[in-house]
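Written out below as structure tokens is the structure these notes cover.
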């Protein structure tokens, strides 16, 4: 699991409390890594789906928001629309419904989307991928996070066990090598 999952929702919310940005009571957050035809299509779909909601649009390299602000923006959103792996990770960790779209590079030969695909598959969230054919609507706001959180906890436990075992092996090897001197 991505290390961002190793910090609990409550711990992330404590970090978000350090943000001083003022937010509307209800909004849709869009967060994109770069702007291309696919992210623009996804933004238009969000505007059509939620015409009465304010949309806060962040672009990764064009935003002046800091890490605490980023967490606060996701944690208070009604819905997140993103093409970012960590936009998805934080939406999942903070139990915020989301839609994820691919970027232009995700359709190329060296796609990085497989990491996103694997995460969504493992959590039973493949239906959160916006394909451009299905319209976004209020049904996207419904997400059973109880099931998602159960799956996430099992994967986290497996990840933590893996890390502990790896650290034990490193320590044991270090002790053996030190004793050999």
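Residue numbers (my numbering): 193 to 373.
Note that beta-carbon positions come from the ideal geometry of N, C-alpha and C, so glycine has one too.
Check your understanding: Based on the DSSP output, what are the partners of residue 246 in its beta bridges?
Key -> Numbered from its first residue, the chain shown carries residue 246 at position 54. In DSSP, residue 246 forms a bridge with 219.
Review point. Quick one: does residue 292 have its CB under 8 Å from some CB of chain B?
Key: Going by chain labels, chain B is absent from the structure shown, which holds only one protein chain.
Check your understanding: Does DSSP classify residue 321 as helix, strand or coil?
Key -> The sequence position of residue 321 within the chain shown is 129, counting from 1. The answer is strand: DSSP assigns residue 321 an E or B state.
Point to revise | Buried/exposed call for residue 339, threshold 16 Cβ in 10 Å | key: Residue 339 sits at position 147 when you count from the first residue of the chain shown. Label assigned to residue 339: exposed.
Exercise for review: Buried or exposed for residue 276, please, with buried defined as at least 16 other CB atoms from any protein chain shown within 10 angstroms of its CB.
Suggested key: If you number the chain shown from 1, residue 276 lands on position 84. Buried is the call here.
Point to revise | Helix, strand or coil at residue 372 according to DSSP, with G and I counted as helix | key: Position 180 of the chain shown, counted from the start, is the residue given in the question as residue 372. Annotation note: pLDDT 39 at residue 372 (below 50); position unreliable, no value reported.
Practice item. In angstroms with no decimal places, state the Cα-to-Cα distance between residue 238 and residue 313. Key: The residue labelled residue 238 in the question sits at position 46 within the chain shown. The residue labelled residue 313 in the question sits at position 121 within the chain shown. Taking the straight line from one Cα to the other gives about 23 Å.
Practice item. Could you tell me the distance, in whole angstroms, from the CA atom of residue 291 to the CA atom of residue 357? Key: Counting from 1 along the chain shown, the entry for residue 291 is found at position 99. Counting from 1 along the chain shown, the entry for residue 357 is found at position 165. C-alpha separation (whole angstroms): 35 Å.
Check your understanding: How would you label residue 223, buried or exposed, when you count the other beta carbons within 10 angstroms and need 16 or more for buried?
Key -> Here residue 223 refers to the residue found at position 31 of the chain shown. Residue 223 should be labelled buried.
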